[in-house]
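Reading the sequence shown from the start, the letters are residues 17 to 539 in this note's numbering. Structure record follows, encoded as structure tokens.
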Amino acid sequence: MVSRKHRVVGDTYADSVKLMQISSDVLESYDLEDASAVMGTENNRKQLSDANLLDQDQLADIDPDDLVMAVRGPEEIVSDALDEMESQLSAGGSTGSATVDEIPAKSIERGVQQFEEANLALISVPGKYAPQEAWKALNQGLHVQLFSDNVDIETERELKQHGRQEELLVMGPDCGTAIINNVPLGFANSVSEGNIGLVSASGTGLQEVSTLIDRAGYGISQAIGTGGRDLKDEVGGIGMLQGIDALVDDSDTEVIVLISKPPGSETRDKLLKAASECPKPTVVNFIGTSVDAVDTDHVVIAETLEDTAREAVSQAPGPDAEAEQFTQKMEFNEQSMPEVLSKRSSPEASRKYVRGLYTGGTLCSEAISILNSELETIGSNLSLGEPMDEPLVPSGHTIVDLGEDELTQGRPHPMIDPELRDEQLRQATRDSEVLVVLFDVVLGHGAHANPAEGIANAISGTEDNEWPVLVASVTGTESDPQGLSDQVQTLRDAGVHVAESNAEAVQTAKLIHSSVQNRGVYE
């Protein structure tokens, strides 16, 4: 018999990443239909109701400062599952593995008293409380990484303007990834220290470039996140401009990399001017945006995230032999594509479509940008594609960001809990109209412990099928908790063609579609 049960812990706060991990762990460990641990905000209460975890009358007495744990599943295990949730909550934990002492403090002021050497505050609280905590941190002379979202853009600008006046960085709001002094923060990867500095308004863009640089034998000096709205004209790129200045002053940084989705036109011009005046070699990638060449030799405009990493490595002092080897390895070779298709018979005429299933929003945007020249119409829940009424009910060519807010209501982000992606993969591999399934796997701190295993299980039974072709990229390093090689091998054993980068994976999908449409590979 299916039963629902919940517990409310009053006046208790836990950050969203930790709660998502607890929800994911319990859902995976117990045979439950659903599980959720959230703060009692209005949006979260609605999600609990929509997920049929609590009724409206049960939600009536829950306040935003309350922590709610709810499960639905077999009657005999729901109490044990809640006990496990509460146990994990009490045990604490961390979204990263850096060897930094955890200071049990109830406020920023108290934390500063206990840890006087601290110069950065990582803030992850409900959006309505985030600005006041950020102001407290700035007033204590701390740099800020603001993981929280749902902060209005005017407040973001005010925080960043004040931070600039005080020579303090404000990374965020909605900044989920950074690497400061070799400490990965939020969703970041374990990369080598080196001489290439990044400033990024894109989390998975930062991850893709930093991990490719690591795999080239080079390393990262600093990777500064800005939050996704920093390059809107309403904010004016304050965070990225500060980041450039910080990396110019950093003696360990010899090459600077700038990454963002399309910026506002005024902000773009300011950033390109700053790059042209920067005394250090600079690589710029505004994903999905056509940018004219800058009239200076030391600024390079890159088209893809792979190009960005390659250009950064080529300009950085370091092991030239490894850089050359990396460049050759990353060069997409169309001549190798017949090998991918050589053992496959011609597909049925009904197989026409490319289906992209992404957990990283920037990687998804890059895929659409590359495929736009090949596919007439691409449905997507991102602005670069054609709007979809139902992102989880695909038709035709579709490239979907499964981590968009509309698809994470009431569930963990798919980088933490890839169940949604795995179910969509299961459906796509069994769809007679699909020619290529394209997807990403993002490793690192905070990400699922073994995403490749879930993918292998989802596509189990289709290994001997010639079509659709499964093409993936894995963003990560050997030092990540999941281990890059282990994840790649699991995918290849399951019949997935694993590319060296997201750009290469998309180029592969593009060429497969072109070859089949033209039947050139079979003639």
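Just so it is clear, CB atoms sit at the ideal spot from N, CA and C, and this is done for glycine as well. Since this is a predicted model, take the numbers as computed values, not measurements.
For residue i, the residue or residues it bridges with in DSSP
{"i": "Thr-414", "result": "Arg-371, Gly-395"}
{"i": "Arg-88", "result": "Arg-20, Asp-50"}
{"i": "Val-310", "result": "Bridge partners of Val-310: none, in fact."}
{"i": "Met-55", "result": "Leu-83"}
{"i": "Thr-298", "result": "Ile-272, Val-315"}
{"i": "Val-167", "result": "For Val-167, which the question treats as bridged, DSSP gives no partner whatsoever."}
Cβ-Cβ separation, residue j to residue i (assumed contact under 8 Å), whole Å
{"i": "Ile-386", "j": "Val-522", "result": "4 Å"}
{"i": "Arg-442", "j": "Pro-410", "result": "In fact, because the Cβ distance is near 13 Å, the residues do not count as touching under 8 Å."}
{"i": "Asp-496", "j": "Asn-211", "result": "Contact flag wrong, Cβ pair sits at about 21 Å."}
{"i": "Val-453", "j": "Leu-373", "result": "7 Å"}
{"i": "Ser-164", "j": "Pro-142", "result": "7 Å"}
{"i": "Ser-276", "j": "Ile-303", "result": "7 Å"}
{"i": "Ile-93", "j": "Tyr-29", "result": "About 28 Å separates the two Cβ atoms, so there is no contact after all."}
{"i": "Ser-140", "j": "Pro-428", "result": "Their Cβ separation, rounded to whole angstroms, is 15 Å, which puts Ser-140 and Pro-428 out of contact at 8 Å."}
{"i": "Val-329", "j": "Ile-229", "result": "6 Å"}
{"i": "Leu-321", "j": "Val-458", "result": "Not confirmed; about 13 Å, so no contact."}
{"i": "Ala-53", "j": "Met-17", "result": "With 8 Å as the limit, Ala-53 and Met-17 do not qualify as a contact, their Cβ atoms being about 23 Å apart."}
DSSP state of residue i mapped onto helix, strand, coil
{"i": "Leu-48", "result": "coil"}
{"i": "Gln-238", "result": "strand"}
{"i": "Met-404", "result": "coil"}
{"i": "Pro-147", "result": "helix"}
{"i": "Val-141", "result": "coil"}
{"i": "Ile-303", "result": "coil"}
{"i": "Met-431", "result": "coil"}
{"i": "Thr-324", "result": "helix"}
{"i": "Gln-161", "result": "strand"}
{"i": "Ser-65", "result": "helix"}
{"i": "Ser-366", "result": "coil"}
{"i": "Ser-110", "result": "At Ser-110, the pLDDT of 40 sits below 50, so the modelled position is not reliable; the number obtained from the coordinates is stated separately. Reduced to three states, the DSSP call for Ser-110 is coil."}
{"i": "Gly-221", "result": "helix"}
{"i": "Gly-213", "result": "strand"}
{"i": "Thr-115", "result": "Note that Thr-115 scores 41 on pLDDT, short of 50, meaning its location in the model is unreliable and no value can be drawn from it."}
{"i": "Leu-436", "result": "helix"}
{"i": "Val-33", "result": "helix"}
{"i": "Tyr-538", "result": "With a pLDDT of 40 at Tyr-538, under the threshold of 50, the modelled position of that residue is not reliable, and the figure given next carries that caveat. Of the three classes helix, strand and coil, the one that applies to Tyr-538 here is helix, per DSSP."}
{"i": "Val-94", "result": "helix"}
{"i": "Val-128", "result": "helix"}
{"i": "Val-25", "result": "strand"}
{"i": "Leu-136", "result": "strand"}
{"i": "Gln-156", "result": "coil"}
{"i": "Leu-70", "result": "coil"}
{"i": "Gly-377", "result": "helix"}
{"i": "Ser-385", "result": "helix"}
{"i": "Lys-176", "result": "helix"}
{"i": "Val-42", "result": "helix"}
{"i": "Val-329", "result": "helix"}
Minimum Cβ-Cβ distance from residue i to chain D less than 8 Å
{"i": "Gln-523", "result": "The chain labelled as chain D is not found in the depicted structure, where only one protein chain is given."}
Q | Every unbroken beta strand (DSSP E) inside the stretch 450-533 [3 residues or more] | A | 450-458, 485-491, 513-515
Q) Can you find at least 3 beta carbon pairs, one from the stretch 291-305 and one from the stretch 227-240, that sit closer than 8 Å? A) In short, these stretches do not touch, since the Cβ pair count stays below three.
Q) Does the pairing of the stretch 375-392 with the stretch 415-425 give three or more beta-carbon distances under 8 Å? A) Short answer: they touch.
Q.
Just to confirm the assignment: which complete beta strand (DSSP E) runs, minimum length 3, are found wholly within the stretch 184-210?
A. 193-196, 199-202
Q | Within the stretch 228-291, ranges of the beta strand (DSSP E) (whole runs, at least 3 residues) | A | 236-241, 271-276
Q: Mind the definition here: the stretch 45-65 touches the stretch 80-98 only if three or more C-beta pairs lie below 8 Å; say whether that holds.
A: Contact holds: three or more Cβ-Cβ distances are below 8 Å.
Q) Given 8 Å as the limit, is there contact between the stretch 142-154 and the stretch 167-175, that is, 3 or more CB pairs closer than that? A) yes
Q: Could you tell me whether the stretch 511-525 touches the stretch 478-489, using the rule of 3 or more Cβ pairs below 8 Å?
A: yes
Q: Determine, using beta-carbon pairs with one atom in the stretch 193-200 and one in the stretch 249-265, whether at least three such pairs fall under 8 Å.
A: no
Q.
Using 8 Å as the cut-off, can you tell me whether the stretch 443-462 makes contact with the stretch 477-487, which would need three or more C-beta pairs spanning the two stretches below that distance?
A. yes
Q) Is the stretch 503-512 touching the stretch 466-479, taking contact as three or more C-beta pairs under 8 Å? A) yes
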